[in-house]
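One structure below.
Number of protein chains: 2
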Amino acid sequence: MRLTGSETSPYVRKVRVQAMEGGYWEQLDFNELGTTPIDPNAGIANPLKKVPALELGDGMVLFDSRVICEYLDGALGDGASFPAPGPARWTALRRQALGDGLLDAALLLRYETSLRPAELCWNDWCDGQTVKIDGALADMEAQAADFGDTVDIGTITTACALGYLDFRYKDKGWRETYPALGAWYAEFSQRPSMTATVPPE
Amino acid sequence: MRLTGSETSPYVRKVRVQAMEGGYWEQLDFNELGTTPIDPNAGIANPLKKVPALELGDGMVLFDSRVICEYLDGALGDGASFPAPGPARWTALRRQALGDGLLDAALLLRYETSLRPAELCWNDWCDGQTVKIDGALADMEAQAADFGDTVDIGTITTACALGYLDFRYKDKGWRETYPALGAWYAEFSQRPSMTATVPPE
Numbered sequence: 535m536r537l538t539g540s541e542t543s544p545y546v547r548k549v550r551v552q553a554m555e556g557g558y559w560e561q562l563d564f565n566e567l568g569t570t571p572i573d574p575n576a577g578i579a580n581p582l583k584k585v586p587a588l589e590l591g592d593g594m595v596l597f598d599s600r601v602i603c604e605y606l607d608g609a610l611g612d613g614a615s616f617p618a619p620g621p622a623r624w625t626a627l628r629r630q631a632l633g634d635g636l637l638d639a640a641l642l643l644r645y646e647t648s649l650r651p652a653e654l655c656w657n658d659w660c661d662g663q664t665v666k667i668d669g670a671l672a673d674m675e676a677q678a679a680d681f682g683d684t685v686d687i688g689t690i691t692t693a694c695a696l697g698y699l700d701f702r703y704k705d706k707g708w709r710e711t712y713p714a715l716g717a718w719y720a721e722f723s724q725r726p727s728m729t730a731t732v733p734p735e
Numbered sequence: 535m536r537l538t539g540s541e542t543s544p545y546v547r548k549v550r551v552q553a554m555e556g557g558y559w560e561q562l563d564f565n566e567l568g569t570t571p572i573d574p575n576a577g578i579a580n581p582l583k584k585v586p587a588l589e590l591g592d593g594m595v596l597f598d599s600r601v602i603c604e605y606l607d608g609a610l611g612d613g614a615s616f617p618a619p620g621p622a623r624w625t626a627l628r629r630q631a632l633g634d635g636l637l638d639a640a641l642l643l644r645y646e647t648s649l650r651p652a653e654l655c656w657n658d659w660c661d662g663q664t665v666k667i668d669g670a671l672a673d674m675e676a677q678a679a680d681f682g683d684t685v686d687i688g689t690i691t692t693a694c695a696l697g698y699l700d701f702r703y704k705d706k707g708w709r710e711t712y713p714a715l716g717a718w719y720a721e722f723s724q725r726p727s728m729t730a731t732v733p734p735e
């Protein structure tokens with residue numbers, strides 16, 4: 535199976551971390567390709583021209599990261615990342631949605647400040663996305679004591695979201711405001727799956 | 535359970551259509567609340583300040599539409615909307631991701647052209663989002679012959695995405711370019727769940 539994506543995409547990182555945790559990363563053919571919303575890369579088999587995209591042997595192309603992670607967890611992994619229906623599943627899926635939501639806002643903020651011509655930037659838009667990022671962080675902080683040593687799609691997504699803040703928003707200083715989350719991430723980010731996927735500068 | 539959202543949100547419509555198809559819509563307490571990215575509504579229990587949000591009896595708040603739909607399908611429905619792991623599930627989840635991806639692009643395009651001050655609009659951004667919308671439509675067209683009479687989260691999301699184009703992009707004329715998709719939607723959109731949830735002008 536061929537996984538298309540870039541090493542700087544936090545959504546691609548979710549797939550890579552899960553695949554390393556599940557011990558099947560080496561079974562994937564990683565096709566390094568980047569894209570931006572204003573320069574869609576025609577080489578990406580996803581009709582939405584986003585990464586990650588996963589080409590299966592039968593020609594089917596799966597996307598986005600949520601679908602790919604769930605598929606791979608069952609197809610190549612042991613199913614540990616997506617608990618069976620019940621409280622553990624809703625907690626994991628809610629955490630994934632929260633991390634993805636933080637990332638959606640952080641990406642939109644980055645496009646606004648680093649991709650869009652400076653004279654076209656809109657402060658109200660930046661403020662609105664920042665409300666979402668901070669809301670997500672506060673919710674993660676409230677949950678951090680419950681994360682324990684859980685490694686599933688919920689905590690993997692949380693860690694990839696925090697890693698993206700460290701990558702693109704180095705000065706945000708989120709650890710000062712959210713110390714329990716910072717303590718949890720200090721440990722989780724030392725996992726081999728996380729250290730192997732730190733985005734390149 | 536309390537569902538917060540607005541009647542104009544296509545993501546909220548997914549939940550409403552699924553709940554009506556599953557026969558449990560009347561069991562939900564619908565809390566009509568709108569929001570925009572630049573004016574986050576503090577009344578929404580979702581830390582990301584997006585709709586839909588679903589408050590469970592134990593105080594847990596689920597989001598986004600994917601998580602809510604899957605939860606409700608099992609908790610109140612008969613599980614027909616989310617097939618068990620296997621080809622039918624990946625097809626349904628891929629279709630949901632495609633419809634959601636179309637909607638993400640269509641919403642960003644609308645924010646760009648209807649919410650952002652006109653002097654701050656960026657044509658390259660609009661063009662990039664339009665590539666995604668058209669890519670999604672072309673993929674849906676290629677699949678339309680396989681939709682048959684399937685009613686699950688994949689076809690529900692597809693229909694809600696097309697309904698949003700009709701609501702906000704009346705002049706797009708997608709039916710001319712994608713006739714098989716148009717023929718499928720002409721039938722699907724007549725389902726009581728769809729006619730009951732047409733967004734108000």
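Chains Z and H, in that order, give the protein sequences.
Here the first sequence is numbered in our numbering, starting from 535 and rising by one per residue.
Here the second sequence is numbered in our numbering, starting from 535 and rising by one per residue.
Beta carbons are placed, not taken as given, at the ideal position from N, Cα and C, and that holds for glycine.
These figures come from a predicted structure and were not determined experimentally.
- Among the CB atoms of chain Z, none fall inside 8 Å of the CB of F681 (chain H).
- Put simply, the CB of A631 (chain H) is near chain Z, with a gap under 8 Å to one of its CB atoms.
- Fewer than three Cβ pairs drawn from the stretch 664 to 684 of chain H and the stretch 605 to 618 of chain H lie within less than 8 Å of each other, which leaves the two stretches out of contact.
- Distance from the CA atom of M554 (chain H) to the CA atom of C694 (chain Z), rounded to whole angstroms, is 36 Å.
- Interface criterion not met: the Cβ of R536 (chain Z) is under 8 Å from no Cβ in chain H.
- Between the C-alpha atoms of E653 (chain H) and T664 (chain Z) there is a straight-line separation of about 23 Å.
- With a threshold of 16 other beta carbon atoms within 10 Å, D634 (chain Z) meets it and is buried.
- G557 (chain Z) and S540 (chain Z) do not touch by the CB rule: their CB atoms are close to 23 Å apart, not below 8 Å.
- Each of H:E566, H:I690, H:D598, H:D668 was checked against the Cα of V551 (chain H), and the nearest Cα belongs to H:I690.
- DSSP places R536 (chain Z) in no alpha helix (DSSP H) but in the uninterrupted beta strand (DSSP E) bounded by 536 to 539.
- The C-beta of L671 (chain Z) has 16 or more other C-beta atoms within 10 Å across all chains shown, which makes the residue buried.
- When CB distances to chain H are screened at a threshold of 9 Å, the residues of the stretch 643 to 666 of chain Z falling below it are Y645, L649, R650, P651, E653, L654, C655, W656, D658, W659, D661, G662, Q663, V665, K666, in chain order.
- For the pair of segments examined, the stretch 723 to 730 of chain Z was found not to touch the stretch 584 to 592 of chain Z: the number of CB pairs separated by less than 8 Å stays below three.
- For D598 (chain Z), the nearest beta carbon of chain H is closer than 8 Å to its own beta carbon.
- Under the 8 Å Cβ criterion, the stretch 654 to 662 of chain H does not count as touching the stretch 601 to 612 of chain H, having fewer than three qualifying pairs.
- Chain Z has a Cβ within less than 8 Å of the Cβ of A672 (chain H).
- Assignment of beta strand (DSSP E) within the stretch 613 to 657 of chain H, counting only whole runs of 3 or more residues, yields no such run.
- Residue environment analysis places G697 (chain H) among the buried positions, since at least 16 neighbouring C-beta atoms fall within 10 angstroms of its C-beta.
- DSSP places A587 (chain Z) in the uninterrupted beta strand (DSSP E) bounded by 587 to 589.
- Taken atom to atom, the span from the alpha-carbon of T692 (chain Z) to that of D700 (chain H) is near 36 Å.
- Along the stretch 577 to 593 of chain Z, going in chain order, the ones with a CB nearer than 9 Å to a CB of chain H are N580, P581, L582, K583, K584, L590.
- Going by C-alpha positions, K583 (chain H) is about 17 Å away from L641 (chain Z).
- Taking the beta carbon of V601 (chain H) as reference, the chain Z residues within 9 Å of it are W624, L627, R628, Q630, A631, listed in sequence order.
- In this structure E604 (chain Z) is buried. Its beta-carbon is surrounded by 16 or more other beta-carbon atoms within 10 angstroms.
- Restricting attention to alpha helix (DSSP H) runs no shorter than 4 residues, the stretch 654 to 704 of chain H encloses them at 657 to 681, 687 to 702, ordered along the chain.
- At the C-beta level, P713 (chain H) and T542 (chain H) stay beyond 8 Å of one another.
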